[in-house]
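Visitor: Can you keep this structure in mind? I'll have questions shortly.
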Amino acid sequence: MYVAVKGGEAAILATHDLLAEARRGDNAVPELSTDQIREQLGLAVARVMNEGSLYDPRLAALALKQAQGDAIEAAFLIRAWRTTLARFGSSLPLDTAQMAIRRRVSATYKDLPGGQVLGPTYDYTHRLLDFSLAADASEIPCRPPSSEPLAGSMPRVPDILGREGLMESEVPPADDGRPFDLTRDPVSFPAGRDVRLQSLARGDEGFLLGLAYSVQRGFGGNHPFAGEIRMGEVAVEIVPDELGFAIDIGDITVTECQMVNQFTGSADQPPQFTRGYGLVFGHAERKAMSMSIVDRALKGSELGEAARYPAQQEEFVLYHADNVEAAGFVEHLKLPHYVDFQGELELIRKLRRELEEQRAGRSSTPHVEKKEGAE
Amino acid sequence: MTGQIPSGDAMPTVNYAYLDEQTKRMIRRALLKAVAVPGYQVPFGSREMPLARGWGTGGIQVTASIIGPDDKLKVIDQGSDDTTNAVSIRRFFARVANVETTEATGEATIIQTRHRVPEHPLTAGQILVYQVPQPEPLRKLEPSELETRKMHAWAEYGLMHVRLYEDIARFGHVATTYSYPVLVNGRHVMSPSPIPKFDNPKMGQSPALQLFGAGREKRIYAIPPWTEVKSLDFEDRPFEVQRWDEPCALCGAADSYLDEVIIDDAGGHMFVCSDSHYCEERRKAGHAGAMLATSTGGKLAASNGGDR
Amino acid sequence: MTGVATMPADTGSLLEARLVSRRYGHHIGCEDVSFTLWPGEVLGIVGESGSGKSTLLRCLAGLDRPTAGTVAFRTGDCMTDIFAIPEQERRALMRTAWGIVHQNPRDGLRMSVSAGGNVAERLVDGGERHYGRIRAAASEWLTRVEIDRARMDEPPSRFSGGMQQRLQIARVLVSGPRLVFMDEPTGGLDVSVQARLLDLLRALVRDLGLAAVIVTHDLAVARLLTDRLIVMKSGRVVETGLTDQVLDDPQHAYTQLLTSAVLAA
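Chains as they are written, first to last, in my numbering: chain A, -12 to 362; chain B, 5 to 312; chain C, -15 to 249.
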């Protein structure tokens, strides 16, 4: 096999070596293991799994290591890997009502069946640097389990509202119920809710956070309440064709957020609350909350609300939420563009030359009018 | 949940040419549709590739779907075989498709290109695969995809000529130098990808098949061999291509697209062929441009694809 | 003004509205509106704001689909239900057979495209591909609507409100439509500017033999421009008739109120 080896190629190979060196850093410092990343940088791992659209903490940890901690680069690695994986089918919808809860908070009720479960969160910490973490390894003792077990039933807040008819119901799709897969099929507009939720779930956390914030600041027009946020483990079930019944293939950690928004009603509907939905892999509350606010904003067109602001415009949100695509296209500006630039260079010179000629009085009337006169 | 972390080199178990066969079939179906309706943008399930979006993933997926071990692949970027992205894509296919690569335009069965059409005329049986960043020629006039698809469906292309009108009214001529829109087969307005308008005339009535892949935007389109491709213009303001006052400083060619190369701190420059292989072949055949004798010219000749 | 309201029936009608209704949920935009418009006739739709005038106009002009009823337009020898044909054909009619002058010029103009380019658009939509001819036509139409040719290559954002309105008119009329819809064409303009625009409109309609449907809350505008009037209240037609007749001898209590309000002012 003949592969041309020339200057460009040798230089490219050299960058690979330099990158490996930069990634490793000082050889005197022990190398990070992917197990350490998975166990100790869990929130970064969750972000990579979300934006990479693949639930695999070990591969996400590897991607983070390979990408020197760059979450977008790591998501990119995961997605390219994901392309090569075979599809076995769709899972059944996750039943988050059956979640093994580690955290569950509601901002709409002071108390509710099952209670508030605070769980592991930064929410109630003071953001002071903890220098004890900079010291050498310390073992954190396990908290003894609470003497009072969690309630067996933890109804989801929108379901509670739904029983009273106060919450819009989510109607399952009329077709066979298999969701659209935006990683396999091209999206067309207007997009279905399944497409929107998928796009948001893999969308850039920073972008969605910014959009959600814009909705809250008035570039959106509805006021969200955090009806409920829950995090914990849920079972994933699939129905293999050859069996015909559901089997449990394992548990995954997810964070779910349901925002409650007021809706004044329309011709067909009495006033009721509407829902914004967010569901993400791992513990990722900020992402789940942002997702649910933007989901609700995008529902506007179905509810007859004017789409005035970026967060309400489906094409805008869906086309620009994907950070792997966005990063690729922004960074492609590093590629040579000298052929096109040459065209622009010549054009600018030509336009300047023509203007100078006009100014020099070689043409007393503007060229446009002159040309007209000739016709 | 996806099994073991593979050991060793990064690409252990991928299919021939990276994509699985189902995906290739899906892309080939899109290609057939594109060939059947020249210039029409066919949506396709663009996959996430190990190269970045905007760096040629559309072209790579098209090439991956049509390539076989008997093919000979040439990859150019800005007309040159030796630019970083061309090298990277060529290495990718050499690795995943075990394919022979070449720099000779005449020898290649598939040429993947970014921003240029080779100077050497293409022949029947060759396939030119364009990398396309923005497939929608109307996008700058109309940001909504929903609306632009209607405009194509109903051939509502008036706005495009308004844009040309504006240029002529303001500048005296059309101020678009690349991505100059074309009408394909008398029906669809199409973006030629960001090739210089100099290359537009090469697209029409070409004996080769031309395929266009936009990975990020998830669109494929095509120009079958011997198809009419017309650059948009007015009857009384016909389309014109760029011309240079001087020939290539290295090979003396007066018929090729030239890049400007800065040769000193004082802004001195010379013009050389953008198509490095074309330039090299001409020099081998004994043609010499004005700068070739000087030391600067000789050095640049080497970096522009000369022998090492 | 032109007296075409009594045009012989054998010339055929241009536009027919039959029981046109448009509801927004429980809210009524307009309900059961029927009328016939004849070629060359200028019809005014008057009423207070919120009476459904603009809603009706949007249905008639093909912008919004009525929730019930039909709108038929003459194409050749027959009347075509404009909402029964594919969107593609309706859009083609909207570009060639009629035009819309919006109350807000931003809705009717491309603000980033030059005045000449704005006028050129409907010509290139119609297939014109000769720059010189387009340029000449645009220049002529700008002159007809009293816009200085020297400002042809400026964007409308630099124009005054009155000029923007006149540019909208040129942009619509350049393709030779048979019908023009106008939504409060003098709204938001100074009185002196209004008078100039009304003069211009009157002359254009007369010279070109155009039919027009003009929505206005200003009865003075209606008297000056229209042959016949439809008076609307709460989405329904309460009175119709020749303009002079309706304004000078209003029959419906609401119309009497409207006309007396004008007299009082």
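We treat Cβ as the ideally placed atom computed from N, Cα and C, and that holds for glycine.
For Glu130 of chain C, which residues of its own chain have a beta-carbon under 7 Å away from its beta-carbon, when the five flanking residues on both sides are left out?
Guide: So the list reads Arg150 and Leu184, once near-sequence residues are dropped.
Visitor: Does Asp269 of chain B come within less than 8 Å of chain A when only Cβ atoms are used?
Guide: Cβ-Cβ to chain A under 8 Å: no for Asp269 of chain B.
Visitor: Using only the alpha-carbon positions, how far apart do Arg2 of chain C and Gly13 of chain C sit?
Guide: Those two C-alpha atoms are separated by around 16 Å.
Visitor: Quick one: is Met155 of chain B buried, meaning 16 or more other Cβ sit within 10 Å of its Cβ, or exposed?
Guide: So Met155 of chain B ends up on the buried side.
Visitor: So for Ser84 of chain B, helix, strand or coil by DSSP?
Guide: Correct three-state label for Ser84 of chain B: strand.
Visitor: Under 6 Å Cβ to Cβ from Leu145 of chain B, same chain only, skipping five residues before and after it: list those, please.
Guide: Cβ within range, chain order: Leu163.
Visitor: When you check each C-beta in the segment 162 to 193 of chain B against every C-beta of chain C, which residues fall closer than 9 Å?
Guide: Cβ contacts with chain C come from Gly162, Leu163, Met164, His165, Val166, Arg167, Leu168, Tyr169, Glu170, Ile172, Ala173 and Arg174.
Visitor: Got a sec? Which residues, its chain only, sit under 8 Å from Ser260 of chain B by beta carbon, not counting five neighbours each side?
Guide: So the list reads Glu123, Cys252, Cys277, Ser278, Asp279, Tyr282 and Cys283, once near-sequence residues are dropped.
Visitor: Taking the alpha carbon of Ile216 of chain A as the point to measure from, which residue in A:Gln245, A:Glu318 and A:Leu322 has its own alpha carbon closest?
Guide: Of the listed residues, the one whose Cα sits closest to Ile216 of chain A is A:Gln245.
Visitor: Within the 8 Å Cβ cut-off, does Gln148 of chain C reach chain B?
Guide: No, because no Cβ of chain B sits closer than 8 Å to the Cβ of Gln148 of chain C.
Visitor: So what's Arg191 of chain B in DSSP terms, helix, strand or just coil?
Guide: If DSSP states are grouped into helix, strand and coil, Arg191 of chain B belongs with coil.
Visitor: Using a Cβ-Cβ cut-off of 8 Å, state whether Val156 of chain C counts as contacting chain B.
Guide: Taking Cβ atoms only, chain B never reaches closer than 8 Å to Val156 of chain C, which makes this a no.
Visitor: With 8 Å as the threshold, decide whether the Cβ of Trp230 of chain B is near any Cβ in chain C.
Guide: It does not: the Cβ of Trp230 of chain B has no partner Cβ on chain C nearer than 8 Å.
Visitor: Taking any Cβ of chain B, which residues in the segment 103 to 133 of chain C have a Cβ under 7 Å from it, in chain order?
Guide: Cβ contacts with chain B come from Ala104, Glu105, Val108, Asp109, Arg113, His114, Tyr115, Gly116 and Ile118.
Visitor: Output needed for Met147 of chain C: all residues of its chain with C-beta closer than 7 Å, excluding positions within five of it in sequence on either side, in chain order.
Guide: Excluding residues within five positions, the ones whose Cβ falls inside 7 Å are Ile131.
Visitor: Using a C-beta cutoff of 8 Å, does Trp314 of chain B count as contacting chain A?
Guide: The structure shown does not extend to residue 314 of chain B, since chain B is modelled only from 5 through 312, so no value can be given for it.
Visitor: Could you tell me whether any Cβ in chain B is nearer than 8 Å to the Cβ of Gln72 of chain C?
Guide: It does: the Cβ of Gln72 of chain C has a partner Cβ on chain B nearer than 8 Å.
Visitor: Taking the straight line between their C-alpha atoms, what separation do you get for Ala15 of chain A and Asp22 of chain A?
Guide: In a straight line, the C-alpha of Ala15 of chain A is about 20 Å away from that of Asp22 of chain A.
Visitor: Counting only Cβ-Cβ distances shorter than 8 Å, please list the residues of the segment 108 to 127 of chain B near chain A, keeping chain order.
Guide: Here the close residues are Arg118, His119 and Arg120.
Visitor: His177 of chain B: which of A:Asp238, A:Asp228, A:His113 and A:Leu334 sits nearest, CA to CA?
Guide: Ranking A:Asp238, A:Asp228, A:His113 and A:Leu334 by Cα distance to His177 of chain B puts A:Leu334 first.
Visitor: Near Arg155 of chain C, which residues of its chain fall below 6 Å by C-beta distance, leaving aside the five closest residues on each side in sequence?
Guide: Once the five neighbours on either side are set aside, the close Cβ partners of Arg155 of chain C are Asn102 and Val103.
Visitor: What residues of chain B sit near Arg69 of chain A, judged by a beta carbon separation below 8 Å?
Guide: Correct list: Glu52.
Visitor: Does the Cβ-Cβ distance between Val92 of chain A and Gln85 of chain A come in under 8 Å?
Guide: In this structure, Gln85 of chain A does not lie closer than 8 Å to Val92 of chain A by Cβ.
Visitor: Using DSSP with H/G/I as helix, E/B as strand and the rest coil, what is Val326 of chain A?
Guide: Here Val326 of chain A sits in helix by DSSP.
Visitor: Taking the beta carbon of Arg183 of chain A as the centre, do at least 16 other beta carbons fall within 10 Å, making it buried, or is it exposed?
Guide: Buried, because 16 or more other Cβ atoms sit within 10 Å of the Cβ of Arg183 of chain A.
Visitor: Using a C-beta to C-beta distance shorter than 8 Å, which residues of chain C count as neighbours of Arg153 of chain B?
Guide: The premise fails here: Arg153 of chain B is roughly 12 Å from chain C at the closest Cβ pair, so nothing lies under 8 Å.
Visitor: Are Glu60 of chain A and Ala67 of chain A closer than 8 Å when you measure CB to CB?
Guide: No, the pair does not count as a contact, with Cβ atoms beyond the cut-off.
Visitor: Give me the residue from A:Phe206, A:Gly179 and A:Leu148 with the minimum Cα distance to Pro159 of chain A.
Guide: The candidate whose alpha carbon is nearest that of Pro159 of chain A is A:Gly179.
Visitor: From the DSSP output, which residues share a beta bridge with Ala195 of chain C?
Guide: Paired residues: C:Leu163.
Visitor: So with Cβ pairs under 8 Å, would you call Gln45 of chain B a contact of chain A?
Guide: Not closer than 8 Å to any Cβ of chain A, the Cβ of Gln45 of chain B fails to qualify, so no.
Visitor: Can you tell me where the alpha helix (DSSP H) with Arg2 of chain C in it begins and where it stops?
Guide: From DSSP, Arg2 of chain C is part of no alpha helix (DSSP H) but of the beta strand (DSSP E) over Leu(-1) to Tyr8.
Visitor: Check whether the segment 57 to 74 of chain C touches the segment 30 to 40 of chain C, counting contact only when three or more Cβ pairs, one atom from each stretch, lie closer than 8 Å.
Guide: No, they do not touch.
Visitor: Please name the residue or residues paired with Gly219 of chain A in a DSSP beta bridge.
Guide: DSSP lists A:Ile88 and A:Val241 as partners of Gly219 of chain A.
Visitor: So that I know if they touch, is there some Cβ in chain B lying closer than 8 Å to that of Arg207 of chain C?
Guide: No - not a single Cβ of chain B is within 8 Å of the one on Arg207 of chain C.
Visitor: Tell me where the beta strand (DSSP E) around Ala218 of chain B begins and ends.
Guide: Its beta strand (DSSP E) spans residues Leu213 to Ala218.
Visitor: Just to confirm the assignment, what range does the alpha helix (DSSP H) spanning Tyr225 of chain B have?
Guide: First-last for Tyr225 of chain B: Arg223 to Ile227, but that is the beta strand (DSSP E), not the alpha helix (DSSP H).
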